[in-house]
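Participant: Here our numbering runs 530 ahead of the position in the sequence shown, where the first position is 1.
Beta carbons: idealized from backbone N, C-alpha and C, even for Gly.
Small disclaimer: the values here were computed from a predicted structure and weren't measured.
Let me give you the structure first, and then I'll get to my questions.
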Amino acid sequence: MTKRELDEILATRQFFQEYNVYTKLPEGSTQWVEFWKEERRRSLEGFHIGSDFIPGYFYWYLNFQPIYLTEVVRETDDRASGNRILSFPDYWDGHYKVSHYIDEAEKMGEHAFWGGSRGKSKSFFSASMLNRNYFHVAGSTNFAVASDLGYLTGDGIITKTWEGMDFVDKNTPWSKRRQVYDTQLHRRASKKIMGANGVLREEGWRSEILGVTVGDNYHKMRGKRGKLIILEESGNFRDLDKLHQTLRPGMEDGNVTFGLILHIGTGGTEGAASEGFQELMKNPRAYRIHPVKNFTDPGMENAENGFFFPANWNYKGAYDECGNSDIVKANKLIDKEIELVRLAGDPHAVVRRTAELPRTVSEMLMRISGTQFPILELKQQEGEIEVKPHIYKNSEFHVVFELDKDNQKFQWKPDSDPRPIYGFPNFDNKNLPGCFIIYEHPKTNEKEEVFEGRYIAGIDSFDFDESTTTSLGSLFIMDSWTGRVVAEYTGRPKAFEFYEKCRRGLLYYNARVNIENANKGIFDYFDSRGCGYLITDELRISREAVNETNTSTRKRGTTPSKPLNAYARGLIAQYLLESTNNPDKPEEINVHKLRCLPLIKELILWNADGNFDRVSAFGMLMLLYYEKKKYMMDGTYQLTKSTIADDPYLQKIFKNYNKTFGRY
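Right, here's the structure in full:
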């Protein structure tokens, strides 16, 4: 944008800044009427300047929405001090881009998602959108929706909306009476008229703005119809995806969209709500949200997402007087900011600041609380897998296991109907049988036998065919010699089908497995098939983790508890950050070896309120992995019964047999 073009766009507000009025034309004159008619047209239809175009929402924001700006008072080489002042917004090339995105979404009958860095005036911009409709679209209903009242009032979007409305009422001829509704969260442009029959009736423009809080009850917005619904701080809504789908019928009629749903969200999302935020951002077409290409994450150029406003656009001190961003300078300033946080030595603070100043979509979607997992490294590996399907996804083996009658061993065959579950979160576990995925086949000795004790596994199981939750069963198998995950199976078929697929996979790898013993069905099934010996006894490391000193009773598997589950997650975090000891890649850590994309997504999104079956199964595996490292290196500790003859189910049969025939 050039200075001449910018002056033409801002001429109306510059006149006001100089004279404290928008025009000195005689009120009521033809020229005065034409002036205000043109301003209304520009605010609705946009403003053409040469071959360029300023959308209506953006024109209104620039010329009729006062906001608080930061004014620099004193500046040094790398820092500055300033004050907050009430003024008109600066023209930003970032706002130009997002306004075109919103304009395109509305014209194409789609909804919009605006995510990105904090400090980009999203609340002021969206408040001005509400006011533009209130003053210029008769009968329009416009909503500002938040998860909590604090996002509406105080320094929230509704407070900013009322401030802008009061300014327009005072300084333009578009002022509206509000005799029916004029409250903290509801203003309606109408007046009360006494009819000839002595009955009051409502007349007037009848546009309105409502602030609504929904908490965790997304059904509260069911049936709401409007011109515009803005969801402020979308990342704080629990079940955001369900809320969006609940809103759509009130804004659409078949394939016709008559109202715009606009999500406003920032980096640094906390809590379980971030799952829905990520889902809408990364899968926009499924929700009729206008998509754009991912221009920030390397190798993700063909991926689609909602609109992303990165921190290095219009970063304070890194754009010129015409609002053109200096990306190089902004990156240097942001790097310096994050480095200062890094010096404090708190890795979670670094993640938080990176998420609040994101320069890529992946950085914006990072969780910043409730987890001890290395989010930055996991996000990097997630991107690595997504952009290199030829190395990862396309090299997987989707298999079933069939018994070779000659050698009585299970062999793998390609699955003729593979249905692997790559997505997360899953909002329904019905018709999700899953698929057994092999990353590496088992290594064998010179007799073509799988090495004894090399492969270990963890399972999070279930007992019932039907579930009222979205719970899945999950199995991970690891090569304990290399520390690499070699196979995974996650799904929700019939319970016995899940047990059998796990059993066959374990036999194929000659693996021993640690199972969460809250679900007994898989134990009984393995026993009935003579494979109870595959399940480990209760681990010493698990007893130590919960300060259990009683060793007289030994159980199989692992008894879950909050302390033990937390300990298992700590082991996962430890494992992910441990070096692979690869001399060719000295900086490589275990997280760089993970190939299971859904597991990585679960680790990134993990929170105490959600359902993360792969994380639970991986935790069972980690307990066994570190048990093996801690107690089996010197050979003094037996992991489990090693032969089928030691299986408890068979021992019980033999004992009864011997008693029957008098043998003791």
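1. Using a 10 Å radius around the Cβ and a threshold of 16 neighbouring Cβ atoms, would you call residue 517 buried or exposed?
2. For residue 751, which three-state DSSP category applies?
3. How many angstroms separate the CA atom of residue 631 from the CA atom of residue 625?
4. Please classify residue 835 as buried or exposed, where buried requires at least 16 neighbouring CB atoms within 10 angstroms.
5. Measure the beta-carbon distance from residue 994 to residue 1025 and round it to whole angstroms, keeping in mind my assumption that it falls under 8 Å.
6. Residue 698 and residue 665 - do their beta-carbons sit closer together than 9 Å?
7. For residue 638, does the count of other Cβ atoms within 10 angstroms reach 16, so buried, or fall short, so exposed?
8. Distance, Cα to Cα, residue 1100 vs residue 713?
9. What separation, rounded to the nearest whole angstrom, lies between the Cα atoms of residue 1191 and residue 1086?
10. Could you compute how far the alpha carbon of residue 557 sits from the alpha carbon of residue 563?
11. Would you call the stretch 768-779 and the stretch 742-752 in contact, with 3 or more CB pairs under 8 Å?
12. Among 649, 1037 and 1119, whose alpha-carbon lies nearest the alpha-carbon of residue 933?
13. Residue 617: buried (16+ other C-beta within 10 angstroms of its C-beta) or exposed?
14. If you measure between the beta carbons of residue 972 and residue 949, is that distance less than 9 Å?
15. Provide the residue span of the beta strand (DSSP E) that contains residue 1018, from first to last.
16. List the DSSP bridge partners of residue 965.
17. Under three-state DSSP, which class holds residue 971?
18. Please state the DSSP three-state secondary structure of residue 1076.
19. Where does residue 904 land, buried or exposed, given buried means 16+ other C-beta within 10 angstroms?
20. When you compare each of 807, 880 and 727 to residue 770 by their alpha carbons, which one comes out closest?
21. Is residue 1133 buried or exposed, if buried means 16 or more other CB atoms sit within 10 Å of its CB?
22. Does the beta-carbon of residue 1046 have 16 or more other beta-carbons within 10 angstroms, so that it is buried, or is it exposed?
23. I need the DSSP call for residue 1170, collapsed to helix, strand or coil.
24. How far does the beta strand (DSSP E) with residue 1044 in it extend, from its first residue to its last?
25. By the 10 Å Cβ neighbour count, where 16 or more other Cβ atoms means buried, how is residue 573 classified, buried or exposed?
26. Any idea what DSSP makes of residue 994, helix, strand or coil?
27. Taking residue 1144 as the reference, which of 1118, 1104 and 1098 has the closest Cα?
28. By the 10 Å Cβ neighbour count, where 16 or more other Cβ atoms means buried, how is residue 746 classified, buried or exposed?
29. So, does the stretch 1145-1161 touch the stretch 977-988, judging by three or more C-beta pairs under 8 Å?
30. In chain order, what residues of the same chain have a beta carbon less than 8 Å from the beta carbon of residue 868, not counting five sequence neighbours either side?
31. Is the Cβ-Cβ distance between residue 895 and residue 643 less than 9 Å?
32. Return the CA-CA distance between residue 854 and residue 535, expressed in angstroms with no decimal places.
33. For residue 636, which residues in the same chain have their Cβ closer than 6 Å to its Cβ, ignoring the five residues on either side in sequence?
34. Residue range of the beta strand (DSSP E) that residue 674 falls in?
35. Spell out whether any CB of chain B is found under 9 Å from the CB atom of residue 938.
36. In three-state DSSP terms, what is residue 666?
Facilitator: For this structure:
1. Here the chain covers residues 531 to 1194 and nothing more, so residue 517 does not appear.
2. helix
3. 10 Å
4. buried
5. 7 Å
6. yes
7. exposed
8. 50 Å
9. With a pLDDT of 38 at residue 1191, under the threshold of 50, the modelled position of this residue cannot be trusted, and the question is left open.
10. 8 Å
11. yes
12. 1037
13. exposed
14. no
15. 1014-1021
16. 1020
17. coil
18. coil
19. buried
20. 807
21. buried
22. buried
23. Residue placement at residue 1170 is flagged as unreliable, the pLDDT there being 48, under the threshold of 50; the coordinate-derived value follows with that caveat. Three-state DSSP puts residue 1170 in coil, outside helix and strand.
24. 1042-1045
25. buried
26. coil
27. 1098
28. exposed
29. yes
30. 880, 883, 884 and 887
31. no
32. 13 Å
33. 790
34. 671-676
35. Among the chains in the structure shown there is no chain B, since it carries only a single protein chain.
36. helix
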